[in-house]
Amino acid sequence: MKKILFLSNMIILLAIFSCTNKSKPSEEESIKVTTPVTVTSVSTGTISKVINLTATSSYLKKNTVKSAATGYITKISCNIGEYVKAGSPLYSVKTKEAEALSNFSKTNPEFAFNGELTIKAPTSGIITEVNKQANDYVADGDQLCVIAEQSSLVFLLNVPFEQNKLASIGTNCEILLPDSTHIQGTITSKLSAIDAVSQTQSFVVKPHTNAQIPENLTAFVQLNESTEANTQITDKKCVLTDETMDKFWVMKLINDSTAIKVPVKTGIVTDTEVQILSPKFDKLDRLINTGNYGLPDTALVNIIQP
1 MKKILFLSNM IILLAIFSCT NKSKPSEEES IKVTTPVTVT SVSTGTISKV
51 INLTATSSYL KKNTVKSAAT GYITKISCNI GEYVKAGSPL YSVKTKEAEA
101 LSNFSKTNPE FAFNGELTIK APTSGIITEV NKQANDYVAD GDQLCVIAEQ
151 SSLVFLLNVP FEQNKLASIG TNCEILLPDS THIQGTITSK LSAIDAVSQT
201 QSFVVKPHTN AQIPENLTAF VQLNESTEAN TQITDKKCVL TDETMDKFWV
251 MKLINDSTAI KVPVKTGIVT DTEVQILSPK FDKLDRLINT GNYGLPDTAL
301 VNIIQP
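Quick look at the structure:
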């Protein structure tokens, strides 16, 4: 009797254990994993592909101020970097004859002779060089300083010869300075010679600004390589690719919780946007732009931002 009771208890325990083990997988299978994502849409607009080429600032017009007499500089009224107006006094030069006669004028007033000449700025601009200082001896025609005309400031754009068709005269462009300042400019002319080493041709870019830009500043000039209007554009983060960058796709939402993989053909790519050539998306379609990396062809998602 005891053996029968023991066997009955064992059978009951095994049955309960087997039912418990079967219920666990079903509970685990009922748990669904979702990925938090944000979404965006496809818009219709214009997108341009640009190239960045280096350019250097330069003053095309520089006026050399020279001495008009031989003598000694008694006064200097200019410094490097200062802006001077046309007609402003720059130097005072006392001729060597006046300097010699000044020793006799103390005893004989008849020899009193001032003999000082004031040399003025021939044009308005910025002092870029100061070659002589007070008490220096100068000869007739010696260079005293250099004035660069502010209005003659340009950027010399270095364009590879195979891309010179993008830099035709009259083309508008954008100049990006090292401090992230953006300035609009226009290509006004080009130089006739090509650099023998780099095989680049220099184009003159006139900036549309009155700001004082130092000479020999290296900047980037953006030229439009191609432009597409009335085309599909979306956020660059929406488009995913494989290791060889041969295939491209996006994750499109078919409802509020499911996203599917949609292969796409891309066109122009910028820093923030991508042109989608095919397929044609509806303006109400939603594409995942964050959280899409590594998702399978069909994925459960949780939209955290509409």
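The letter at position 248 of the sequence shown is residue 248 when you use the UniProt record's numbering, and the numbering goes up by one with no holes. Backbone N, C-alpha and C define an ideal beta-carbon position, used for all residues, glycine too.
Check: Quick one: what's residue 224 bridged to in DSSP?
Finding: The count along the sequence shown starts at 1 and reaches residue 224 at position 224. Assignment of beta-bridge partners to residue 224 by DSSP yields 50.
Item checked: Run of the beta strand (DSSP E) containing residue 263, from where it starts to where it stops -> Indexing the sequence shown from 1 puts residue 263 at position 263. 258-269 is the extent of the beta strand (DSSP E) around residue 263.
Check: Excluding five sequence neighbours on each side, which residues of the same chain lie with their C-beta closer than 6 angstroms to the C-beta of residue 75?
Finding: Taking the first residue of the sequence shown as position 1, residue 75 is located at position 75. 92.
Margin query: Whole angstroms are fine: how far does the CA of residue 44 sit from the CA of residue 274?
Written below: Locating residue 274 in the sequence shown gives position 274, counting from the first residue. Locating residue 44 in the sequence shown gives position 44, counting from the first residue. Their Cα atoms are separated by approximately 11 angstroms.
Next item on the list: Out of 214, 57, 48, 231, state which residue places its alpha-carbon closest to the alpha-carbon of residue 283.
Entry: The sequence position of residue 283 within the sequence shown is 283, counting from 1. Residue 231 is the option with its Cα nearest to residue 283.
Item checked: CA nearest to the CA of residue 238, picked from 128, 286, 187 -> The sequence position of residue 238 within the sequence shown is 238, counting from 1. The candidate whose alpha carbon is nearest that of residue 238 is 286.
Notebook entry, point to check: How many Å lie between residue 196 and residue 158 at the Cα?
Noted result: Taking the sequence shown and counting its residues from 1, the one referred to as residue 196 is at position 196. Taking the sequence shown and counting its residues from 1, the one referred to as residue 158 is at position 158. Rounded to whole angstroms, residue 196 to residue 158 spans 13 angstroms at the Cα level.
Note to self: Quick check on residue 161: buried or exposed, where buried means 16 or more other Cβ atoms within 10 Å of its Cβ?
What the structure shows: On the sequence shown, residue 161 is found 161 positions in, with the first residue counted as 1. Under this definition residue 161 is an exposed residue.
Notebook entry, point to check: Who are the near neighbours of residue 118 in its chain, counting only those whose CB is closer than 6 angstroms to its CB and skipping five residues on each side?
Noted result: One-based indexing of the sequence shown puts residue 118 at position 118. Hits under 6 angstroms: 89, 92.
Next item on the list: Classify residue 189 as buried or exposed, calling it buried when 16 or more other Cβ atoms lie within 10 Å of its own Cβ.
Entry: Working through the sequence shown from its first residue, we reach residue 189 at position 189. For residue 189, the number of other beta carbons within 10 angstroms of its own is below 16, and it is reported as exposed.
Check: Ordered along the chain, which non-local residues of its own chain (more than five positions away) have a Cβ less than 6 angstroms from that of residue 265?
Finding: Looking up residue 265 in the sequence shown gives position 265. Contacts found: 277, 278.
Check: Whose C-beta lies closer than 6 angstroms to the C-beta of residue 46 among residues of the same chain, with five residues either side of it excluded?
Finding: The residue labelled residue 46 in the question sits at position 46 within the sequence shown. If we look at residue 46 and ignore the five residues flanking it on each side, its Cβ neighbours are 229.
Check: Buried or exposed: where does residue 170 fall if 16 or more other Cβ atoms within 10 Å of its Cβ makes it buried?
Finding: Translated into the one-based positions of the sequence shown, residue 170 becomes position 170. Exposed is the call here.
Item checked: Assumed close pair residue 35, residue 302 - CB separation to whole angstroms, cut-off 8 angstroms -> Against the sequence shown, residue 35 aligns to sequence position 35. Against the sequence shown, residue 302 aligns to sequence position 302. Taking 8 angstroms as the upper bound for CB-CB distance, residue 35 and residue 302 are in contact here, some 7 angstroms apart.
Next item on the list: Would you give the residue range spanned by the beta strand (DSSP E) that residue 173 belongs to?
Entry: As a first step, residue 173 must be located in the sequence shown, where it is residue number 173. Residue 173: member of the beta strand (DSSP E) spanning 172-176, first to last residue.
Item checked: Contact under 9 angstroms by Cβ, residue 198 with residue 191 -> As a working mapping, residue 198 is identified with position 198 in the sequence shown. As a working mapping, residue 191 is identified with position 191 in the sequence shown. In this structure, residue 191 does not lie closer than 9 angstroms to residue 198 by Cβ.
Notebook entry, point to check: Terminal residues of the continuous beta strand (DSSP E) containing residue 189?
Noted result: Start at 1 with the first residue of the sequence shown, and residue 189 comes out as number 189. Looking at the DSSP string, the run of the beta strand (DSSP E) that includes residue 189 is 182-194.
Next item on the list: With DSSP collapsed to three states, give me the class of residue 29.
Entry: As a position in the sequence shown, residue 29 is number 29, starting the count at 1. Residue placement at residue 29 is flagged as unreliable, the pLDDT there being 45, under the threshold of 50; the coordinate-derived value follows with that caveat. In the structure shown, residue 29 sits in a helix (DSSP, three-state: H, G or I).
Notebook entry, point to check: Which same chain residues, not among the five before or five after residue 130, have their C-beta less than 6 angstroms away from its C-beta?
Noted result: Taking the sequence shown and counting its residues from 1, one reaches residue 130 at position 130. Cβ within range, chain order: 80, 145.
Checklist line | Terminal residues of the beta strand (DSSP E) in which residue 295 lies | finding: Stepping through the sequence shown from its first residue, residue 295 is reached at position 295. Residue 295 -> no beta strand (DSSP E), and no H or E assigned at all.
Checklist line | Cβ-based burial, residue 291 [other Cβ within 10 Å; buried from 16] | finding: To locate residue 291, count along the sequence shown from 1; it is residue 291. So residue 291 ends up on the buried side.
Item checked: Given residue 56 as reference, the closest of 205, 253, 148 once Cα atoms are compared -> Numbered from its first residue, the sequence shown carries residue 56 at position 56. Measuring from the Cα of residue 56, the nearest candidate turns out to be 205.
Next item on the list: Could you check if residue 293 is buried or exposed, using at least 16 other CB atoms within 10 Å of its CB as the buried criterion?
Entry: One-based indexing of the sequence shown puts residue 293 at position 293. With fewer than 16 other Cβ atoms from the protein chains shown falling within 10 Å of its own Cβ, residue 293 counts as exposed.
Next item on the list: Determine contact between the stretch 206-213 and the stretch 146-156, defined as no fewer than three beta-carbon pairs at a distance below 8 angstroms.
Entry: Contact holds: three or more Cβ-Cβ distances are below 8 angstroms.
Checklist line | DSSP beta-bridge partners of residue 273 | finding: Taking the first residue of the sequence shown as 1, we reach residue 273 at position 273. DSSP output for residue 273 lists 235 as bridge partner(s).
Check: Whose CA, out of 41, 258, 96, lies closest to the CA of residue 140?
Finding: In the sequence shown, the residue the question calls residue 140 occupies position 140. With distances taken between Cα atoms, residue 140 lies closest to 96.
Next item on the list: Report buried or exposed for residue 251, applying the criterion of at least 16 other Cβ atoms within 10 angstroms of its Cβ.
Entry: Stepping through the sequence shown from its first residue, residue 251 is reached at position 251. Buried: at least 16 other Cβ atoms inside 10 Å.
Notebook entry, point to check: Beta-carbon separation of residue 132 and residue 67 under 9 angstroms?
Noted result: Counting from 1 along the sequence shown, the entry for residue 132 is found at position 132. Counting from 1 along the sequence shown, the entry for residue 67 is found at position 67. Closer than 9 angstroms, so yes.
Margin query: Please return the same chain residues whose Cβ sits closer than 6 angstroms to the Cβ of residue 63, not counting the five positions on each side in sequence.
Written below: Within the sequence shown, the letter at position 63 stands for residue 63. By the criterion of a C-beta distance shorter than 6 angstroms, residue 63 is surrounded in its chain by 122, 123, 147, once the five residues flanking it on both sides are discounted.
Note to self: Can you give me the C-alpha to C-alpha distance between residue 172 and residue 269, rounded to a whole angstrom?
What the structure shows: Along the sequence shown, one-based indexing puts residue 172 at 172. Along the sequence shown, one-based indexing puts residue 269 at 269. Distance from the CA atom of residue 172 to the CA atom of residue 269, rounded to whole angstroms, is 21 angstroms.
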